[in-house]
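Inspection log for the structure reproduced underneath, given as structure tokens.
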Amino acid sequence: MTEISSTALWTVIIGLGLGSFALRFVFIGLIGDRQMPEWALRHLRYTAVAILPGLVAPLVVWPPATGGSFDLPRVLAGIVTLAVGYVTKNVLAAIVAGAATLYALLYLLG
Amino acid sequence: MRSSASPIRQGLTDGLPFIAVVIPFGMLFGVVSAEAGLNMFEALSFSVVVIAGEAQFTALQLLTEHVPTFLVLTSALAVNLRMAMYSASLTPHVGPAPLWQRAIIAYFTIDQSYACAIAAYERNPHWTTQDKVRYFFGAVVMICPLWYVATAAGAWVGSGIPDGLALDFAVPITFIAMTGPMLRTGAHRAAALMSVVLSLTFAFLPYNLGLLVAGLGAMITGAQVELWLERRAGPTTPTPQEAK
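Top to bottom, those sequences are chains A and B.
All residue numbers for the first sequence refer to numbering that gives the first Met the number 0, where the first residue is 0 and numbers rise by one.
All residue numbers for the second sequence refer to numbering that gives the first Met the number 0, where the first residue is 0 and numbers rise by one.
Right, here's the structure in full:
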């Protein structure tokens, strides 16, 4: 593998930095205080529950740590975390329960 | 978890669990950078300027494969497109804040800070704009500097955290734990379910575009179910948003 050229590296660092900032700033910075239409707000209310589950679902079903093959401890840990979080509404309790499930099952099945 | 603690303290507390996420992944990025021939300053600059783990890993991987710079940028920015959705979602809450504060919030908008903030804003509808800004800063003041420090440490030490700790699963567990309490209404639950189904169905798409499809599809689902629930409940009942 040949070295990454300094020019390419810094072009990517600066370009990606500016581009990422632009994506993060586009609404918060440019719309600011102006009222958004009701239909837009109605969709935006669901942004978090629309993105976060989609972000993690593939990581639970096909964990990179196992080379993408189905892993019972990770799937069960995910289910326990969701159930505890949903019922108790306590994020920390859900994290602790999920981590305990994961470690216990990895120990028992590993 | 309605608490009387000040917004900044709540932010600090809510940010704490993410230490278990940020340290291993920051170190991993440092290690991968060192392996790709970056020095510590370059690795650290990457994390400070870009501050987006997944996009950084994508860009670095493509750089080592000597993919043309333009394609590296396009691919890594595609991975980051969800940030624009976060930006839109935060706007009704912190839009009235001064521009410099919004610029700082924009810079620090990552999955973790966004997830903490939106959950806290829904829990505390009485918060003022400044309360919301303070909460956001409280949540990032631990997470983001640790991302820089961990990157530098990984690049310097040249090795990450042992695999046996299964810290790869820290990301799913923290995000799932945050999602649980967010599933307040049928519309939220329908959106989350649609997100899972679509992200698994479209996982084959390159550059994380499957997540974008899932996000848009799930937002439409949430909005449509909300409308349907409102119509079914009749005009006198409060909307799910007002019923908090």
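From the three backbone atoms N, C-alpha and C, an ideal C-beta is built for every residue, glycine too.
Spatial neighbours of residue i in its chain, beta-carbon cut-off 8 Å, leaving aside the 5 residues before and after
i: B/Glu241; result: In this prediction, B/Glu241 has a pLDDT of 47, which is less than 50 and means its spatial position is unreliable; what the coordinates show is noted afterwards. None.
i: A/Leu104; result: Leu71, Pro72, Leu75, Ala76
i: B/Leu260; result: Residue 260 of chain B lies beyond the residue range present for chain B, which begins at 0 and ends at 243; the question has no answer from this structure.
i: A/Gly14; result: none
i: A/Gly97; result: Ala76, Gly77, Val79, Thr80, Val83
i: B/Leu61; result: Leu70, Val71, Ser74, Ala75
i: B/Asn79; result: Ala51, Glu53, Ala54
Unbroken alpha helix (DSSP H) run spanning residue i, endpoints
i: B/Arg122; result: 110-122
i: A/Val11; result: 5-29
i: B/Ala13; result: Note that residue 13 of chain B is Asp in the sequence shown here, rather than Ala. It spans 6-14 - the alpha helix (DSSP H) in which B/Asp13 sits, taken as one unbroken run.
i: B/Leu80; result: From DSSP, B/Leu80 is part of no alpha helix (DSSP H); its letter is neither H nor E.
i: B/Met26; result: 18-34
i: A/Gly53; result: 46-60
i: B/Ala105; result: 98-106
DSSP three-state assignment for residue i, whether helix, strand or coil
i: B/Phe203; result: coil
i: B/Glu64; result: coil
i: B/Met39; result: helix
i: B/Trp126; result: coil
i: A/Gln34; result: coil
i: B/Pro91; result: helix
i: B/Glu225; result: helix
i: B/Glu53; result: helix
i: A/Gly97; result: helix
i: B/Met0; result: Per-residue confidence for B/Met0 stands at a pLDDT of 47, beneath the threshold of 50, marking its modelled position as unreliable; the derived number appears in the next sentence. Three-state result, B/Met0: coil.
Supposed close pair residue i, residue j - CB separation, criterion 8 Å
i: B/Ile175; j: A/Gly84; result: 7 Å
i: B/Phe28; j: B/Ser44; result: Actually they do not touch by this definition, with Cβ atoms about 12 Å apart.
i: B/Val195; j: A/Ala56; result: 4 Å
i: B/Val49; j: A/Gly16; result: 5 Å
Cβ neighbours of residue i in the same chain (closer than 6 Å, five flanking residues each side left out)
i: B/Gly25; result: Trp146, Ala149, Thr150
i: B/Gln223; result: none
i: B/Ala202; result: Gly209
i: B/Pro169; result: According to the sequence displayed, residue 169 of chain B carries Ala and not Pro. Contacts found: Ala19, Val20.
Close Cβ partners of residue i (< 7 Å) along its chain, the five nearest in sequence each way excluded
i: B/Met84; result: Gly214
i: A/Thr100; result: Leu75, Ala76, Val79
i: A/Leu108; result: Leu71, Pro72
i: A/Val90; result: Gly84
- Message: Please give me, in chain order, every unbroken run of the alpha helix (DSSP H) with length at least 4 that falls completely inside the region 138-222 of chain B.
- Response: 169-181, 185-200
- Please specify which runs of the alpha helix (DSSP H), each continuous and at least 4 residues long, are wholly inside the region 63-94 of chain A, giving them in chain order. As far as the region 63-94 of chain A is concerned, its whole alpha helix (DSSP H) runs of at least 4 residues are 71-87.
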